[in-house]
């Protein structure tokens, strides 16, 4: 039997399902009716899919942003990677920008700013908010100051994945 690491917040798939429903209920109760769910790849994609279904939003898009390169290590600034969604197609629409965590908030801030520059009405949602975030998302399921172990990234890639072989 293994013991839980008190330095980590562990999210299971089962608890993630509960988090999605609770977060969707909070968003709906707030009266925000997104027309588009914009998931920040990669960590925001599971939540974006779950919220799109729970909120009955048929249009989903992704934006690729790299910031974290490993546990406790990150690039100097978040970098938007191609391909990227054409935000001009979303001008005037209500968009829910979704990521897994608002740690520093810098990734969310980049995407929210890009949305605002394109005339998009954006609000943001995350599973976890950290007390250190600079951009406080409108919606968060839980707050923690610990490192988070998400079910989609708890195990490393499978053997042979990402090595460039065909």
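Residue numbers (our numbering): 1170 to 1335.
Virtual Cβ for every residue (Gly too), placed ideally from N, Cα, C.
Reference residue 1291; option with closest CA among 1186, 1278, 1195, 1182: The shortest Cα separation from residue 1291 among 1186, 1278, 1195, 1182 belongs to 1278.
Supposed contact pair residue 1266 and residue 1254 - C-beta distance, whole angstroms, cut 8 Å: Between residue 1254 and residue 1266 the beta-carbon gap is near 11 Å, outside 8 Å, which marks them as no contact.
Top-ranked residue by Cα proximity to residue 1302, from 1275, 1326, 1323, 1289: For the residues 1275, 1326, 1323, 1289, the minimum Cα distance to residue 1302 belongs to 1275.
Nonlocal neighbours in the same chain, by C-beta distance under 6 Å from residue 1221, ignoring five residues either side: Closer than 6 Å at the Cβ level, and outside the excluded window around residue 1221, lie 1206, 1229.
Local conformation of residue 1171 per DSSP, three classes: Annotation note: pLDDT 49 at residue 1171 (below 50); position unreliable, coordinate value reported separately. It is coil, neither helix nor strand.
One or two residues paired with residue 1295 in a DSSP bridge: According to DSSP, residue 1295 bridges with 1268, 1309.
For residue 1217, three-class secondary structure by DSSP: Residue 1217 carries a helical assignment under DSSP once its states are collapsed to helix, strand and coil.
Nearest-angstrom beta carbon gap, residue 1286 and residue 1213 [assumed within contact, 8 Å]: With a beta-carbon spacing of about 20 Å, residue 1213 and residue 1286 fall beyond the 8 Å limit used to define contacts.
For residue 1263, the residue or residues it bridges with in DSSP: According to DSSP, which records beta bridges pairwise, residue 1263 is partnered with 1290.
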